[in-house]
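Participant: What follows is a structure written as structure tokens; I'll ask about it next.
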């Protein structure tokens, strides 16, 4: 007794795999840092493969962290624009919410910081050192005060623009 086994056509090695494109980030450090390493400007500590807040060890190497380099160069990774009259009438509460959101995010991610907050013709603009913080600020504003939230991620860059209107 013989068994005929047929291999269905089309099966075999796949040739349609997707390849992750290289994303260039000027502020990403090349190579691995010695552990522990401390930022000379903000005292953030690089330990266990990530930046965090902690006490400075005596034998720590010193560099400037990527967030401080972005702040020094005025090169943000994200913007939050607040539009509408609500931001003017409830200015103190809105700013307090933004700062509390940054504080909460910064506890877990030391490189997530607000660079600047300023009034411009398009609205009240907040620039950040991280691409995740603007989304979190926008979501916190929408959750607390409702309004409309727009997120725009640039395709070629790791950059986000968030617009909240009320």
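Residue numbers (my numbering): 1 to 166.
Just so you know, even glycine gets a beta-carbon here, dropped at the ideal spot from N, CA and C.
(1) Which residue wins for smallest C-alpha separation from residue 64, given the options 91, 122, 33?
(2) Using three-state DSSP, classify residue 68 as helix, strand or coil.
(3) Can you grab the Cα-Cα spacing for the pair residue 98 / residue 58, in whole Å?
(4) What are the start and end residues of the alpha helix (DSSP H) that includes residue 143?
(5) Drop a sphere of 10 angstroms on the beta-carbon of residue 85, count the other beta-carbons inside from all chains shown, and report buried for 16 or more, exposed for fewer.
(6) Who are the near neighbours of residue 56 in its chain, counting only those whose CB is closer than 6 Å to its CB and skipping five residues on each side?
(7) Between 157, 105, 95, 109, which lies nearest to residue 119 when the distance is taken from Cα to Cα?
(8) What residue from 40, 67, 52 has the CA that sits closest to residue 29's CA?
(9) Quick one: which unbroken beta strand (DSSP E) runs of 3-plus residues sit fully inside the segment 63-128? Chain order, please.
(10) Quick one: Cα of residue 88 to Cα of residue 48, how far?
(11) Going by DSSP, what residues sit across from residue 30 in a beta bridge?
(12) Would residue 78 and residue 130 be called neighbours here (beta carbons separated by less than 8 Å)?
(13) Rounded to the nearest angstrom, how far is the Cβ of residue 105 from that of residue 136, given a contact under 8 Å?
(14) Looking at the strands, I want to know which residues DSSP matches up with residue 50.
Facilitator: Considering the structure as presented:
(1) Answer by Cα proximity: 33.
(2) Annotated three-state conformation of residue 68 is helix, per DSSP.
(3) Whole-angstrom Cα-Cα distance: 35 Å.
(4) Counting along the chain, the alpha helix (DSSP H) containing residue 143 begins and ends at 133-145.
(5) Residue environment analysis places residue 85 among the exposed positions, since fewer than 16 neighbouring C-beta atoms fall within 10 angstroms of its C-beta.
(6) The beta carbon of residue 56 is closer than 6 Å to those of 38 in its chain, skipping five residues each way along the sequence.
(7) Among 157, 105, 95, 109, the Cα nearest to that of residue 119 is on 95.
(8) Closest by alpha carbon: 67.
(9) Correct list: 78-83, 114-120, 123-128.
(10) Just so you know, the alpha carbons of residue 88 and residue 48 end up roughly 43 Å apart.
(11) Answer is none; residue 30 lacks a bridge partner.
(12) Between residue 78 and residue 130, the C-beta gap is smaller than 8 Å, which places the two residues in contact.
(13) Indeed they touch by this definition, with Cβ atoms about 6 Å apart.
(14) In DSSP, residue 50 forms a bridge with 47.
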